[in-house]
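*Asks:*
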Ligand code: SF4
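Residue numbers (the working numbering): 23 to 327.
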């Protein structure tokens, strides 16, 4: 018997994750700080659209929400792996490969209805959905044929009720007393170790990805009251071939990361007129980058011409 795949069919049976009351103060995340460092103006458009005196928030948000081919490949792969893992939680019956890839093809077609920046900015005339799907099929097939996937099916399945698969919300946590966001793809216990897996469909970027994994480790240590040294983050690169980067994180690594989060949060606070309410300083304080290559892939480029 096979199981029908559907994005909405399963809900997570996860261990309770700590909840926080809403506060407007900004929260650190690796992507927020990355945007801040890349271009202050892009950071302004991404996080403070409603304060813009020149362009409507609606226009800025429409540009912000545009996707791109590499981004959407990652997005689709993540969503399908989520469904795959949730199915595994329900049944260990063999996956019907033909049906699974039909489902992946259908989802690819649906997601490709979005607005892509490559089309919007006339870099290409039309999407090559077959090519996008081929990247997705390759990523999924590499994962499902990997030793790791078989290991998960063999070893992690006994604690499947404790799996955390892309938890809802933004992954809020507290680092050094500061609000932060770190959202894991897949967390599961085997023996006394908590494993965190992060799926990547793009290129290896050790500096960026290791920092993300430190964040996920800090998130898991906080929410599950675990010793960070008993948390094992694994970056899974899904294409062109399956490969892994397994990190060994020590307490001093986490201490260093917490200090980094404090420093970077304070840098971003500097651009707030009111820190507690997260109200930005004037737009003129958020300068456009001088590094032209950052503009080449920026969703907001029509606002900066
Ligand atoms: S187009 Fe360039 S200057 Fe303008 S927001 Fe984007 S990265 Fe910054």
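Note that the Cβ used here is the ideal one computed from N, Cα and C, for glycine as well.
To which residues of the same chain is residue 219 closer than 7 angstroms at the C-beta, ignoring the five residues directly before and after it?
*Replies:* Here the question's residue 219 lines up with position 197 in the chain shown. Cβ within range, chain order: 207, 208, 256, 258.
*Asks:* Following a CB-centred definition, is residue 323 positioned closer than 7 angstroms to any heavy atom of ligand 1?
*Replies:* Taking the first residue of the chain shown as position 1, residue 323 is located at position 301. Checking the Cβ of residue 323 against ligand 1 gives yes.
*Asks:* Beta carbon of residue 97, beta carbon of residue 143: below 8 angstroms?
*Replies:* Locating residue 97 in the chain shown gives position 75, counting from the first residue. Locating residue 143 in the chain shown gives position 121, counting from the first residue. No, the pair does not count as a contact, with Cβ atoms beyond the cut-off.
*Asks:* Does the distance from the C-beta atom of residue 58 to that of residue 302 stay below 8 angstroms?
*Replies:* Position 36 of the chain shown, counting from 1, holds the residue named residue 58. Position 280 of the chain shown, counting from 1, holds the residue named residue 302. No, the pair does not count as a contact, with Cβ atoms beyond the cut-off.
*Asks:* Should residue 164 and residue 264 be called a contact, given that it needs their Cβ atoms to be closer than 8 angstroms?
*Replies:* Residue 164 sits at position 142 when you count from the first residue of the chain shown. Residue 264 sits at position 242 when you count from the first residue of the chain shown. Yes, Cβ-Cβ distance for residue 164 and residue 264 is below 8 angstroms.
*Asks:* I need the boundaries of the beta strand (DSSP E) containing residue 141, first residue and last residue.
*Replies:* Position 119 of the chain shown, counted from the first residue, corresponds to residue 141. From DSSP, residue 141 is part of no beta strand (DSSP E) but of the alpha helix (DSSP H) over 139-142.
*Asks:* Would residue 139 and residue 172 qualify as a contact pair, given that the criterion is a beta-carbon distance under 8 angstroms?
*Replies:* Locating residue 139 in the chain shown gives position 117, counting from the first residue. Locating residue 172 in the chain shown gives position 150, counting from the first residue. No, the Cβ-Cβ distance between residue 139 and residue 172 is not below 8 angstroms.
*Asks:* So, using beta-carbon positions, are residue 195 and residue 232 closer together than 8 angstroms?
*Replies:* For the purposes of this step, residue 195 is taken as the residue at position 173 of the chain shown. For the purposes of this step, residue 232 is taken as the residue at position 210 of the chain shown. Not a contact, by the Cβ cut-off of 8 angstroms.
*Asks:* Excluding the 5 residues flanking residue 270 on each side, which residues of the same chain have their C-beta closer than 7 angstroms to its C-beta?
*Replies:* Taking the first residue of the chain shown as position 1, residue 270 is located at position 248. So no residue of the chain qualifies.
*Asks:* Would you call residue 187 buried or exposed, if buried means 16 or more other Cβ atoms sit within 10 Å of its Cβ?
*Replies:* If you number the chain shown from 1, residue 187 lands on position 165. Classification of residue 187: buried, given that the 10 Å Cβ count is 16 or more.
*Asks:* Around the Cβ of residue 279, are there at least 16 other Cβ atoms within 10 angstroms (buried) or fewer (exposed)?
*Replies:* Against the chain shown, residue 279 aligns to sequence position 257. So residue 279 counts as buried.
*Asks:* Would you decide whether residue 250 is buried or exposed? Buried here means 16 or more other CB atoms lie within 10 Å of its CB.
*Replies:* As a working mapping, residue 250 is identified with position 228 in the chain shown. Buried: at least 16 other Cβ atoms inside 10 Å.
*Asks:* List the residues that DSSP assigns as beta-bridge partners of residue 174.
*Replies:* Position 152 of the chain shown, counting from 1, holds the residue named residue 174. BP columns for residue 174 are empty, so no partner.
*Asks:* Taking residue 184 as the reference, give the member of 242, 128, 156, 291 with the closest Cα.
*Replies:* As a first step, residue 184 must be located in the chain shown, where it is residue number 162. Of the candidates 242, 128, 156, 291, the one whose C-alpha sits nearest the C-alpha of residue 184 is 242.
*Asks:* Anyone know if the C-beta pair for residue 308 and residue 55 falls short of 8 angstroms?
*Replies:* Against the chain shown, residue 308 aligns to sequence position 286. Against the chain shown, residue 55 aligns to sequence position 33. Going by C-beta atoms, residue 308 is not nearer than 8 angstroms to residue 55.
*Asks:* At a cut-off of 7 angstroms, would you count residue 84 as near ligand 1, judging by its Cβ distance to the nearest heavy atom?
*Replies:* The sequence position of residue 84 within the chain shown is 62, counting from 1. No, ligand 1 has no heavy atom inside 7 angstroms of this Cβ.
*Asks:* Who does residue 45 pair with in a DSSP beta bridge?
*Replies:* Within the chain shown, residue 45 is the residue found at index 23, counting from 1. BP columns for residue 45 are empty, so no partner.
*Asks:* Under 7 angstroms: does the beta carbon of residue 64 sit that close to some heavy atom of ligand 1?
*Replies:* Walking along the chain shown from the start, residue 64 turns up at place 42. The answer is yes for residue 64.
*Asks:* Are the CB atoms of residue 22 and residue 215 nearer to each other than 8 angstroms?
*Replies:* Since the first residue of the chain shown is 23 and the last is 327, residue 22 is not available in this structure.
*Asks:* If you measure from the CB of residue 310, is any heavy atom of ligand 3 nearer than 7 angstroms?
*Replies:* For the structure depicted, ligand 3 is absent and the ligand set comprises only ligand 1.
*Asks:* Short of 7 angstroms in beta carbon distance, which residues of its chain neighbour residue 42, apart from the five on each side in sequence? Order them along the chain.
*Replies:* As a working note, residue 42 is residue 20 in the chain shown. Within the same chain, residue 42 has close Cβ partners 194.
*Asks:* Whole angstroms is fine: what's the gap from residue 130's alpha carbon to residue 154's?
*Replies:* Taking the chain shown and counting its residues from 1, the one referred to as residue 130 is at position 108. Taking the chain shown and counting its residues from 1, the one referred to as residue 154 is at position 132. C-alpha separation (whole angstroms): 8 angstroms.
*Asks:* Return yes when the Cβ of residue 75 is within less than 8 angstroms of the Cβ of residue 300, no when it is not.
*Replies:* Along the chain shown, one-based indexing puts residue 300 at 278. Along the chain shown, one-based indexing puts residue 75 at 53. Their beta carbons are not under 8 angstroms apart, which means residue 300 does not touch residue 75 by this criterion.
*Asks:* Hey, quick one: how far does the beta strand (DSSP E) through residue 290 stretch, first residue to last?
*Replies:* Here residue 290 corresponds to residue number 268 of the chain shown, with the count starting at 1. Segment 273-291 is the alpha helix (DSSP H) holding residue 290; no beta strand (DSSP E) there.
*Asks:* Starting from the Cα of residue 181, find the closest Cα among 210, 151, 90 and give me that residue.
*Replies:* Against the chain shown, residue 181 aligns to sequence position 159. Of 210, 151, 90, the residue nearest in Cα terms is 210.
*Asks:* Based on Cα-Cα distance, which residue from 100, 313, 159 lies nearest to residue 124?
*Replies:* Along the chain shown, read from residue 1 onward, the residue named residue 124 stands at position 102. Looking at the Cα atoms, 159 is the closest of the given residues.
*Asks:* Run through the DSSP bridge pairs and tell me what residue 208 is partnered with.
*Replies:* For the purposes of this step, residue 208 is identified with residue 186 of the chain shown, where counting begins at 1. For residue 208, which the question treats as bridged, DSSP gives the partners 187, 219.
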